[in-house]
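J.:
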Amino acid sequence: MVVASIIVFVASLLIGALGIYVGARVIVGAGDYDHAIVTALIGAIVWAVVGFFVGWIPLLGPLLALLAYVAVINVRYPGDWTAAAMIGLLAWVTVLVALYALAAVGITGFNAVGVPGL
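Take the sequence shown: its letters are residues 5 to 122, numbered as in the working numbering.
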């Protein structure tokens with residue numbers, strides 16, 4: 005059971021990192037997948053911590069968690085807040101497409117670590 009959970013976590017993290025990698029590659033030209041993995045992991049941790057403390061506040065809590073996630077991208081990649089938000093949006097769309105394709109053939113569920121809302 006623990007091994008299966010670890011495998012699911014790692015696979016989800018890699019899919020989330022793929023989304024960040026694609027977003028960063030397209031928006032700011034940064035092309036290091038290892039950097040995207042670390043960013044996805046830090047982003048997931050920050051999202052969870054902020055969500056834990058303020059997630060219960062209607063509308064504001066999830067918005068603050070999303071802002072914290074974009075802040076992680078802003079710190080980890082060159083560019084401004086707009087570029088970071090665009091990387092996050094493109095990461096979300098990329099992961100959505102990848103997870104839909106994998107779920108359609110029965111390989112995985114519909115969630116990923118490192119990209120909020122999926």
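Built from N, CA and C at the ideal position, the CB exists for glycine as well.
(1) Once the 5 residues before and after Gly92 are set aside, which same chain residues still bring their CB inside 6 Å of it?
(2) Compute the beta-carbon to beta-carbon distance between Trp51 and Ala69, rounded to the nearest angstrom, for a pair I have assumed lies under 8 Å.
(3) For the alpha helix (DSSP H) holding Trp96, just list the boundary residues, first then last.
(4) Using the Cβ count rule (16 or more neighbours within 10 Å means buried), how would you classify Ile49?
(5) Return the Cβ separation of Ile19 and Ala40 in integer angstroms, given the expectation that the two are a contact with Cβ distance under 8 Å.
T.: On the basis of the data shown:
(1) Residue 92 sits at position 88 when you count from the first residue of the sequence shown. The residues are Val74, Ile77.
(2) On the sequence shown, residue 51 is found 47 positions in, with the first residue counted as 1. On the sequence shown, residue 69 is found 65 positions in, with the first residue counted as 1. Yes, Trp51 and Ala69 are in contact; Cβ-Cβ is about 5 Å, under 8 Å.
(3) Here residue 96 refers to the residue found at position 92 of the sequence shown. Run containing Trp96: 85-108, per the alpha helix (DSSP H) assignment.
(4) In the sequence shown, residue 49 corresponds to position 45, counting from 1. That one is exposed.
(5) As a position in the sequence shown, residue 19 is number 15, starting the count at 1. As a position in the sequence shown, residue 40 is number 36, starting the count at 1. The Cβ separation is near 11 Å, so there is no contact.
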